[in-house]
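Just so you know, the protein sequences line up as chains A and B, in that order.
Its first residue numbered 1, the first sequence is counted upward by one per residue in UniProt numbering.
Its first residue numbered 1, the second sequence is counted upward by one per residue in UniProt numbering.
In this text, a Cβ means the ideal position worked out from N, Cα and C, and glycines have one as well.
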Amino acid sequence: MTTQLLLVQALNGLQLGILLFLVAAGLTLVFGVMDFINLAHGVQYMLGAYLGASLAAATGSFWLGLLLALPAALLAGLVLEVLVFRHLYDRDHLAQVLATFGVILFLNEGVKLVWGAAPLQVAVPPLLEGGVQIMPGLQYPLYRVAVLGAGLATAGLLWWLVERTRAGMLVRAGATNAPMVSALGVDIGRLFTLVFAFGAMLAGFAGVLAGPIFSVEPGMGDTVLILAFVVIVIGGIGSIRGAFIAALLVGLIDTLGKSLMPDLMRLFLDASAARQAGAALASMLVYVAMAAILAFRPAGLFPVRAD
Amino acid sequence: MREAWLPLAVLLALGAAPLLGFGGSYETTLMARVMILAMAAVSLSFLVGGAGLVSLGHAASVGVGAYAVAILDAHNVTEAARVLPAAIGAAALFSMVTGAVAIRTSGVHFIMITLAFGQMAFFTASSLAAYGGDDGYTLYSRTEVWGSRLLGNRLTFHYVCLGALALTWALCAMLLASRFGRVLRAARENAQRVEAVGLAPYPFRLVAYVIAGAIGGAAGFLLANATEFVSPAGISWQRSGELLFMVILGGVGRLWGAILGAVAFVLLETWLADHVAHWKMVFGPLLVLAVLFLKGGLSGLVVRRHG
Numbered sequence: 001m002t003t004q005l006l007l008v009q010a011l012n013g014l015q016l017g018i019l020l021f022l023v024a025a026g027l028t029l030v031f032g033v034m035d036f037i038n039l040a041h042g043v044q045y046m047l048g049a050y051l052g053a054s055l056a057a058a059t060g061s062f063w064l065g066l067l068l069a070l071p072a073a074l075l076a077g078l079v080l081e082v083l084v085f086r087h088l089y090d091r092d093h094l095a096q097v098l099a100t101f102g103v104i105l106f107l108n109e110g111v112k113l114v115w116g117a118a119p120l121q122v123a124v125p126p127l128l129e130g131g132v133q134i135m136p137g138l139q140y141p142l143y144r145v146a147v148l149g150a151g152l153a154t155a156g157l158l159w160w161l162v163e164r165t166r167a168g169m170l171v172r173a174g175a176t177n178a179p180m181v182s183a184l185g186v187d188i189g190r191l192f193t194l195v196f197a198f199g200a201m202l203a204g205f206a207g208v209l210a211g212p213i214f215s216v217e218p219g220m221g222d223t224v225l226i227l228a229f230v231v232i233v234i235g236g237i238g239s240i241r242g243a244f245i246a247a248l249l250v251g252l253i254d255t256l257g258k259s260l261m262p263d264l265m266r267l268f269l270d271a272s273a274a275r276q277a278g279a280a281l282a283s284m285l286v287y288v289a290m291a292a293i294l295a296f297r298p299a300g301l302f303p304v305r306a307d
Numbered sequence: 001m002r003e004a005w006l007p008l009a010v011l012l013a014l015g016a017a018p019l020l021g022f023g024g025s026y027e028t029t030l031m032a033r034v035m036i037l038a039m040a041a042v043s044l045s046f047l048v049g050g051a052g053l054v055s056l057g058h059a060a061s062v063g064v065g066a067y068a069v070a071i072l073d074a075h076n077v078t079e080a081a082r083v084l085p086a087a088i089g090a091a092a093l094f095s096m097v098t099g100a101v102a103i104r105t106s107g108v109h110f111i112m113i114t115l116a117f118g119q120m121a122f123f124t125a126s127s128l129a130a131y132g133g134d135d136g137y138t139l140y141s142r143t144e145v146w147g148s149r150l151l152g153n154r155l156t157f158h159y160v161c162l163g164a165l166a167l168t169w170a171l172c173a174m175l176l177a178s179r180f181g182r183v184l185r186a187a188r189e190n191a192q193r194v195e196a197v198g199l200a201p202y203p204f205r206l207v208a209y210v211i212a213g214a215i216g217g218a219a220g221f222l223l224a225n226a227t228e229f230v231s232p233a234g235i236s237w238q239r240s241g242e243l244l245f246m247v248i249l250g251g252v253g254r255l256w257g258a259i260l261g262a263v264a265f266v267l268l269e270t271w272l273a274d275h276v277a278h279w280k281m282v283f284g285p286l287l288v289l290a291v292l293f294l295k296g297g298l299s300g301l302v303v304r305r306h307g
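In structure tokens:
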């Protein structure tokens, strides 16, 4: 393992972490403010990817596709909120898990019906083709750098929105004590809808960005969803800061684990056994990290709620 | 227990079915699936409704039991006297280790950490290349009982599954009615008061978790024999979600509800899959509607009608 390869893998890990953060940010806000488990958040990421891919194909421009996919993802989030999720806020977690599980089944299959089961390919926009030199003799794809930058910019924007604006203050207050915010005269229902739609848009944005990197296919949201849950549980439910740090952590652990584990295992095992054991261990690594963190800090790294 | 006439009727119907002309290969395979999943669902209902532990990783204990059968089969051990204790023991051990960590958390964190452990089991199973890896493992033969191929007989296997289901129901009901069960239920309602009385909920919950896991392992033993095939797909978190849905559909708080839930779930799934091309698009919304409008589950409907 050379330093160059390590650097590339670390960058890949950060970029996966950024995408995870975009998905997890909406999830942690919805979870924190409304105490609502939304398993269907992953399909909103998938929906974003599909909308971005087909709108880009229809308009002939990745940028137009991105621009149109964002409001479309927002709208999809609003529709889901009004039709289904709104009726689940006062139900227990079990009911929420199951109803949103039903939404996953529906949308995963619906996507197959509309776009077919085969993965879609999304081309990297011409502006971001090629690579940048990050070290002498080492090229890194420009698009991935752009994703990293866009994600960081969005994280910054989100931080500003949550920490420095009135709406953000209400969101933070809602995450700490929703009934109190409501008692102070804030229309908590409207706040919920707003947060929800915004979270759906962020997930959709992540989906559009992921399009040219990963394949766009039914069920692509499920893996991301589970990882995003790991992120918000590690970070502390409701905490944007926690989600950011945990997302980068999970992205790095997952990516570096997948590239380093097989080599590490080779120290103890023969080549083919090392490859298998390494791959299995690498896939498990984030869950091991989560279990370890929860065992010592049952409320995550940055708990928001006082209780 | 007066309201339990319906599940008794279901068990009787399952017992009589092969004698009434439903003894064909298709029908018995379907009924075996119903009974085995019902067994897993009843043990999950014992956890969810009895102890208040909402596990999103129950399929893992079923999977551990099933893989115990597969791994022993690969090493030419097919004697039930050895395979069944191994399956149950492995699942109980898995539950004890994971439960010891998971039960330290509560609420949403418990749901997530059981999901994480389930994913670990899933990735471990996918990496077992010697036992099929991702593709799964086909058994050489069904488990033998004292050297005879008793379980190979369709009818015998049917009644073994029925007996196991009835036994599971009786065992869980007895446990819940006992002093042990009373402590569990009290801790579910108010853990602090239980502590004030001088009882620590933790060991009670852990024992309940291990018992449910052991039953899951027994269900896994039967499932592996029913299909003569074991694959990681059976451990996926979607399967855990399905088990949880059977419990909800049947009604939390009534053990026998899980039997109704499993029957309704499997029959509906099979019927839809046979008749509708994109059946999940129908199944998903039905799930959502069931959660929204069927609050006491199917068993709640029955009780209300006769209450």
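Exposure of residue i, with buried meaning 16 or more beta-carbon neighbours within 10 Å
| i | result |
| --- | --- |
| B/Y67 | buried |
| A/N38 | buried |
| B/T78 | buried |
| A/P262 | buried |
| A/T255 | buried |
| A/P136 | exposed |
| A/V132 | exposed |
| B/V230 | buried |
| B/V75 | Looking at the sequence shown, residue 75 of chain B is not Val but His. Flag for B/H75 reads exposed. |
| A/I134 | exposed |
| A/V82 | exposed |
| B/N153 | exposed |
| B/N190 | exposed |
Contact with chain A by residue i, beta-carbon distance below 8 Å
| i | result |
| --- | --- |
| B/A212 | no |
| B/Q119 | yes |
| B/G217 | no |
| B/T156 | no |
| B/H109 | yes |
| B/G63 | no |
| B/L292 | yes |
| B/I113 | yes |
| B/S127 | yes |
| B/W237 | yes |
| B/L37 | no |
Residue i Cβ short of 7 Å to the ligand NAP heavy atom set
| i | result |
| --- | --- |
| A/V8 | For the structure depicted, the ligand NAP is absent and the ligand set is empty, with no information on it obtainable. |
Of the residues the options, the one placed nearest residue i, counting alpha carbons only
| i | options | result |
| --- | --- | --- |
| A/A123 | A/L75, A/G52 and A/R91 | A/G52 |
| B/T168 | B/L6, B/L11 and B/I235 | B/L11 |
| A/L194 | A/Y89, A/M46, A/P179 and A/V30 | A/V30 |
| B/L47 | B/C161, B/L139, B/R185 and B/A166 | B/R185 |
8 Å Cβ cutoff met for residue i and residue j
| i | j | result |
| --- | --- | --- |
| A/P141 | A/V216 | no |
| B/V261 | B/G213 | According to the sequence displayed, residue 261 of chain B carries Gly and not Val. No. Outside cutoff. |
| residue 333 of chain A | A/V186 | Because chain A spans 1 through 307 in this model, residue 333 of chain A falls outside it and cannot be assessed. |
| A/G278 | A/L264 | yes |
| A/V43 | A/I104 | yes |
| B/V54 | B/A40 | no |
| A/G26 | A/G211 | no |
| B/L272 | B/V282 | yes |
| B/I235 | B/G49 | no |
| A/G219 | B/P285 | no |
| A/A291 | A/Y45 | no |
| B/L165 | B/A38 | yes |
| A/L88 | A/L47 | no |
| B/L56 | B/T114 | yes |
| A/M284 | B/T105 | no |
Any chain B beta carbon closer than 8 Å to residue i
| i | result |
| --- | --- |
| A/D307 | Legend: pLDDT at A/D307 = 44, less than 50; position of this residue unreliable, value from coordinates given subsequently. No, because no Cβ of chain B sits closer than 8 Å to the Cβ of A/D307. |
| A/M284 | yes |
| A/M34 | no |
| A/N177 | no |
| A/P262 | no |
| A/H87 | yes |
Tell me the start and end of each unbroken beta strand (DSSP E) in the region 106-177 of chain B that is at least 3 residues and wholly inside, in chain order.
-> If we require 3 residues or more, the region 106-177 of chain B turns out to have no beta strand (DSSP E) run fully inside it.
Alpha helix (DSSP H) runs wholly inside the region 28-59 of chain A, at least 4 long, in chain order = 41-59
What runs of the alpha helix (DSSP H), each 4 residues or longer, lie entirely inside the region 198-273 of chain A?
-> 220-235 and 240-265
Can you list, in chain order, the stretches of the alpha helix (DSSP H) that have 4 or more residues and sit fully within the region 58-88 of chain A?
-> 62-83
Let me know the alpha helix (DSSP H) ranges lying completely inside the region 226-299 of chain B, each 4 residues or longer, listed in chain order.
-> 237-250, 255-275 and 280-293
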